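Undergrad: The listed protein sequences correspond, in order, to chains E and W.
Just so we're on the same page, the working numbering is the position in the first sequence counted from 1, plus 147.
Just so we're on the same page, the working numbering is the position in the second sequence counted from 1, plus 3.
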Amino acid sequence: MKAHRVNQISAGLTGLAALLIVAGLVVVVIDAVLGGWGALSWRFFTEEPGDDVSEGGVFPAIYGTVVLTLLMTVAVMPLGVATAIYLHEYAPPHSRLARWARAAINNLAGVPSIVFGLFGLGFFVQLLGKAVDHVRGGGLHYAQPGLLWAALTLALLTLPIVIVTTEEALRAVPVETRMASLALGATRAQTLGRVVLPGALPGIMTGAILALSRGAGEVAPVLLTGAAYSLPTLPNALSSQFMHLGYHAYVLSTQAPDVEAARPMMYATVLVLLMLTFALNLVAIVVRSRARRGST
Amino acid sequence: MAASRSTRIDRWVEWLVTAAGMTGLVALGLILVFIVREALPLLFDGDVTLGKLVLPQPWREGRAPTWLWQPLSRVPKVSVVPLIVGSVKVSAVAMALAAPMGIAAALFSSEFASPRARELLKPTIELLAGVPSVVLGFFALTVIATALQTLFDWPYRLNAAVAGVAMALAIVPIIFTITEDALRTVPNTYREASQALGATRWDTAWRIVLPAASPGVLAGLLLGFGRAIGETMIVLMASGNASVVSLQLRDPTRTLSATIAAEMGEVVSASTHTSLLYFLGVLLFVLNVGLNASVGAWARNRVLRARGAHA
Chain E
148 MKAHRVNQIS AGLTGLAALL IVAGLVVVVI DAVLGGWGAL SWRFFTEEPG
198 DDVSEGGVFP AIYGTVVLTL LMTVAVMPLG VATAIYLHEY APPHSRLARW
248 ARAAINNLAG VPSIVFGLFG LGFFVQLLGK AVDHVRGGGL HYAQPGLLWA
298 ALTLALLTLP IVIVTTEEAL RAVPVETRMA SLALGATRAQ TLGRVVLPGA
348 LPGIMTGAIL ALSRGAGEVA PVLLTGAAYS LPTLPNALSS QFMHLGYHAY
398 VLSTQAPDVE AARPMMYATV LVLLMLTFAL NLVAIVVRSR ARRGST
Chain W
4 MAASRSTRID RWVEWLVTAA GMTGLVALGL ILVFIVREAL PLLFDGDVTL
54 GKLVLPQPWR EGRAPTWLWQ PLSRVPKVSV VPLIVGSVKV SAVAMALAAP
104 MGIAAALFSS EFASPRAREL LKPTIELLAG VPSVVLGFFA LTVIATALQT
154 LFDWPYRLNA AVAGVAMALA IVPIIFTITE DALRTVPNTY REASQALGAT
204 RWDTAWRIVL PAASPGVLAG LLLGFGRAIG ETMIVLMASG NASVVSLQLR
254 DPTRTLSATI AAEMGEVVSA STHTSLLYFL GVLLFVLNVG LNASVGAWAR
304 NRVLRARGAH A
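1) Would you mind giving the Cβ-Cβ distance between E:Pro368 and E:Gly211, rounded to the nearest angstrom? I have them listed as a contact below 8 Å.
2) Which of the three DSSP states is assigned to E:Pro196 in this structure?
3) Run through DSSP, which three-state label would E:Gly125 get?
4) Just checking my contact of E:Gly364 with E:Gly332 at CB under 8 Å: how many whole Å lie between their CB atoms?
5) Note down the Cα distance separating W:Asp13 from W:Leu200, rounded to an integer number of angstroms.
6) List the residues that DSSP assigns as beta-bridge partners of W:Trp72.
7) Identify the continuous alpha helix (DSSP H) that holds E:Pro368 and give its terminal residues.
8) Please confirm whether W:Val138 has its beta-carbon closer than 7 Å to some beta-carbon of chain E.
9) Using the C-alpha atoms, what's the distance from E:Phe425 back to E:Ser188?
10) E:Trp247 versus chain W: which residues are under 7 Å apart at the beta carbon?
11) So, using beta-carbon positions, are W:Leu139 and E:Ala251 closer together than 7 Å?
12) When the Cα atoms are used, what is the spatial distance from W:Gly229 to E:Thr334?
13) May I ask you to report which of helix, strand or coil DSSP gives W:Thr52?
14) Apart from the five residues just before and just after E:His281, which ones in its own chain have a Cβ nearer than 7 Å to its Cβ?
15) Quick test of the definition: if touching needs 3 or more C-beta pairs under 8 Å, does the region 385 to 392 of chain E touch the region 345 to 353 of chain E?
16) Return yes when the Cβ of E:Ala245 is within less than 7 Å of the Cβ of E:His256, no when it is not.
17) Can a CB atom of chain E be found closer than 7 Å to the CB of W:Asn162?
18) With a 10 Å radius around its C-beta and 16 neighbouring C-beta atoms as the bar for buried, classify W:Thr145 as buried or exposed.
19) State the start and end residues of the unbroken alpha helix (DSSP H) segment that holds E:Val221.
20) I need the straight-line Cα distance from W:Arg257 to E:Val322, nearest angstrom please.
21) On a CA-only basis, which of W:Asp184, W:Leu224 and W:Pro176 is nearest W:Ser136? Give me that one, please.
22) Spell out the partners DSSP gives E:Phe389 in its beta bridges.
23) Give the interface partners of E:Asp178 over in chain W, defined as CB-CB distance under 8 Å, in chain order.
24) Reducing DSSP to helix, strand and coil, say where E:Gly286 ends up.
25) Could you name the residues that DSSP lists as bridge partners for W:Val247?
26) Verify the CB distance criterion: does E:Thr230 have a CB-CB separation below 7 Å to chain W?
27) Got a sec: is the Cβ-Cβ distance from E:Gly183 to anything in chain W below 7 Å?
28) Starting from W:Ile237, follow the alpha helix (DSSP H) in both directions and report where the run begins and ends.
29) Assign W:Ala314 to one of three DSSP states: helix, strand, or coil.
30) Classify E:Gly203 as helix, strand or coil using the three-state DSSP reduction.
31) Quick one, are the C-beta atoms of W:Ala169 and W:Ala241 less than 7 Å apart?
32) Where W:Gln73 and W:Ser246 are concerned, what is the direct C-alpha to C-alpha distance, given to the nearest angstrom?
33) Excluding sequence positions up to five away, which residues of its chain have a Cβ less than 8 Å from the Cβ of E:Thr443?
34) Using only the alpha-carbon positions, how far apart do W:Leu53 and E:Gly183 sit?
35) Between W:Ser94, W:Gly219 and W:Val84, which lies nearest to W:Thr182 when the distance is taken from Cα to Cα?
36) Please go through the same chain and pick out, in chain order, the residues whose beta-carbon is closer than 7 Å to the beta-carbon of E:Phe191, but skip the five residues on each side of it.
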């Protein structure tokens, strides 16, 4: 039948488009694996880069990335969750303030990552950093790029992610549960702390993991606020500069003097970054689907 | 006594939460105010006039006026036109590739695919959304550049087309997710009515469902475009970094975002150059706010939901 044919062809063509997109992902992954798998070794994960660009490992970059994203998470979670709670639980339904707050978050989500980097450099490093140094006394510490400012910049960037996933999680807690709690005499705060938040916890964790994953992969914001290519020591203070997986990959692939020698290193660094973000994303997906199934 | 204590806590919590709720507003406002403030000195700078920013200038004796961006030369050339052209070129290539693919794949997922296929497709594309842009830039630099070089034998290895293809990979998840969400929101009654009248699934999808979902689809396209314009790492690594005006896809190019990233590190503080870079930041910021504003309110909420999870 002709209709059947048309359906088959259209399903086939659109399915082909879907397949091509998936193929794009697969090719990126396979390319990274093929190029970098050979260079992965225990040494690669635990050593610092050698004098020759083709030797050594990326441990300082891994360390720097981990510390940075942990700091970022500490900064973003309280603010993000609280904002989501405001928007979902406390904001009056037709309040103009709430609408503006929501619009602001919407816009914040669209700001290019380099603009965050620009803001981080100008506001955090140069303005706040100078103020902090002035108050602290004792020389130049915070008025230069470092962990704290980079973490705060990334926290701003990932704020919408946390807010949106937390709101989704809050929405998943049934209204009846809330009402039951209030009917038993609990205050709003008590209901929030003992009923709603525990129920929304898996979703909130998903938000944290997604934010982690995004934060670990973004390079543009840390380009100007603290990432460095080659440092003699690991960062040991909030004002230290740090090495960063993404930044390392960027510098290696655009500024390495001997491209062929740097090749295995480049690929391996990219592969580690990819594996890290994928692992985080997969964990988030698993947590989210288990939360959805468990909440029935 | 217990009752009034918990009431006090309750009020405290409400106050705290409301204050926290303003974070988004405060952050956005702070960013805008700050980058505008840093760009303001340009208004008083003699080297930079609106004409110099936008109109072609005669830079060399006897040669035709051109647009150039070279703020670091002895005679600073500050036209933003090459950068805007660069941004638009790369984003156009990306959209030309990503829009059909994303919409087609979304149609597949929403109208033709089995539930099982859909369950597999969505997370996979979400995974693609999670690939850091530096990895995509790296991929462009190595694989895409080589592929296009062998196919077309262009004089320059890194150019707008290479960056555009990688950029398409970056924005297709956004277009797919938002379009798919919009398609799924179309009530089933539309589909049932159409099929009851004898239409094929394709007819239903293309002529009924897709048009019904068009605000959402448009939103997805606008936001994909916005993301492409603002994307930094891919262009920084793969577009060739030549800030000249050229409509050819095979020529290297420079975008607004890459310029900020590349030049901010080497800038003399508080100079005209710094203010110029902040000005570029303001341009990007305003462009994105504009795009956001033109997305209708309904679409905006769905978009935020779809995008917040893996923007």
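Think of the CB as a built atom: it goes at the ideal place given N, C-alpha and C, for glycine as much as any other residue.
All of these numbers come straight from a predicted model, not from anything done at the bench.
TA: According to the structure data:
1) About 14 Å; that fails the 8 Å criterion.
2) strand
3) There is no way to answer for residue 125 of chain E, as the model of chain E reaches only from 148 to 443.
4) E:Gly364 to E:Gly332, Cβ: 47 Å. No contact.
5) 58 Å
6) W:Val81
7) Ala367 to Leu370
8) yes
9) 19 Å
10) Leu28
11) no
12) 44 Å
13) coil
14) none
15) no
16) The displayed chain sequence assigns Ala, not His, to residue 256 of chain E. No. Outside cutoff.
17) no
18) buried
19) Phe206 to Ile232
20) 52 Å
21) W:Pro176
22) E:Ala374
23) Phe142, Thr145 and Val146
24) coil
25) W:Leu71
26) yes
27) no
28) Met236 to Ala241
29) Low per-residue confidence applies at W:Ala314: pLDDT is 35, beneath 50, and the placement is therefore not dependable, though the value from the model is reported in the following sentence. Coil, per DSSP.
30) strand
31) yes
32) 8 Å
33) At E:Thr443 the pLDDT is 45, less than 50, meaning the model places this residue with poor confidence; the figure from the coordinates comes in the next sentence. Within the same chain, E:Thr443 has no close Cβ partners at all.
34) 49 Å
35) W:Gly219
36) Gly204, Val205 and Ala415
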